[in-house]
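Everything in the sequence shown is counted per the numbering used here, starting at 2 for the first residue and increasing by one.
Read through the structure below, which is laid out as structure tokens, and then see the notes.
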Amino acid sequence: MNSSSSSRIIFIALITLLTAVGCATGPKGGQAVVTFGDPAKFSDLQLPGLSREQTAPKVLPDLQASIQNSAKNSIPLGYTVNIDVTEIDQAGFIPNPGGAFPIRTISDNTPAVIAFTYSVTNPAGQVVKSGNQRLVRTIAEIQPYLSESSPVPVLGFMMDNWMGSLGWELSHNSK
2 MNSSSSSRII FIALITLLTA VGCATGPKGG QAVVTFGDPA KFSDLQLPGL SREQTAPKVL
62 PDLQASIQNS AKNSIPLGYT VNIDVTEIDQ AGFIPNPGGA FPIRTISDNT PAVIAFTYSV
122 TNPAGQVVKS GNQRLVRTIA EIQPYLSESS PVPVLGFMMD NWMGSLGWEL SHNSK
């Protein structure tokens, strides 16, 4: 066997090993059950031009679907994450919500906050993790990652990031 053949075999073995390690987290497809405690008590859940009462039915189903999609893509198959959102404070503020052209003013002094309680059950139905979480991000930290398709892109990004970390932890601690 010459040097070229040996190098090629080592290269193929290395690629195979790296692929196996990358797939070691197992199949995804977990679920999330998302509830929203009392939206009327959230600090700031308002879209420009809408009242708080009008905003909740437009925003919360989208946020719920986003969290459920994050679980499906991040959480191991058979696990369920139960989330009860207890606080939402969107980044920024609307200085004149009743004005003709209301806009949300955003700065690093008014970060986005989402707080929730959660529990995670494994495929056997046992609670393997639970707690309270409060995620806080300034707009400068996440500006490049925002999607305009969501009415609350900052909150969706924050939950997606948290769900990804939780999925990694569950995948690596269950072995």
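Glycine included, C-beta positions come from ideal geometry on N, C-alpha and C.
Contact belief for residue i with residue j at Cβ below 8 Å, rounded distance in angstroms
i    : j   : result
D85  : T36 : 5 Å
A116 : E88 : 4 Å
Spatial distance of residue i from residue j (CA atoms)
i    : j    : result
A33  : N110 : 31 Å
Q65  : P58  : 11 Å
V82  : A141 : 29 Å
V121 : G38  : 18 Å
L51  : L171 : 39 Å
S44  : P62  : 18 Å
S71  : D161 : 5 Å
G27  : V129 : 17 Å
N74  : M159 : 15 Å
A92  : N174 : 34 Å
V137 : Y119 : 17 Å
W169 : I76  : 8 Å
L46  : V60  : 8 Å
Y80  : R135 : 22 Å
G1   : W163 : A question about residue 1 goes unanswered here, because the residues of the chain that appear run from 2 up to 176.
Q69  : V155 : 16 Å
T165 : K29  : Note that residue 165 corresponds to Gly in the displayed sequence, not to Thr. Whole-angstrom Cα-Cα distance: 11 Å.
L78  : T139 : 32 Å
Residue environment, residue i, which counts as buried when at least 16 other CB atoms sit within 10 Å
i    : result
A41  : exposed
G157 : buried
G132 : exposed
S67  : buried
L167 : buried
P187 : The requested residue 187 is not part of the displayed model; the chain covers only 2 to 176.
V153 : buried
| task | Tell me, please, whether the segment 49 to 56 touches the segment 119 to 126 by the rule of three or more beta-carbon pairs shorter than 8 Å. | result | no
| request: Note down, one range per segment and in chain order, each beta strand (DSSP E) of at least 3 residues found wholly within the segment 28 to 96. | output: 32 to 37, 81 to 90
| request: At 4 residues or longer, and completely inside the segment 115 to 149: list those alpha helix (DSSP H) runs for me, N to C. | output: 140 to 143
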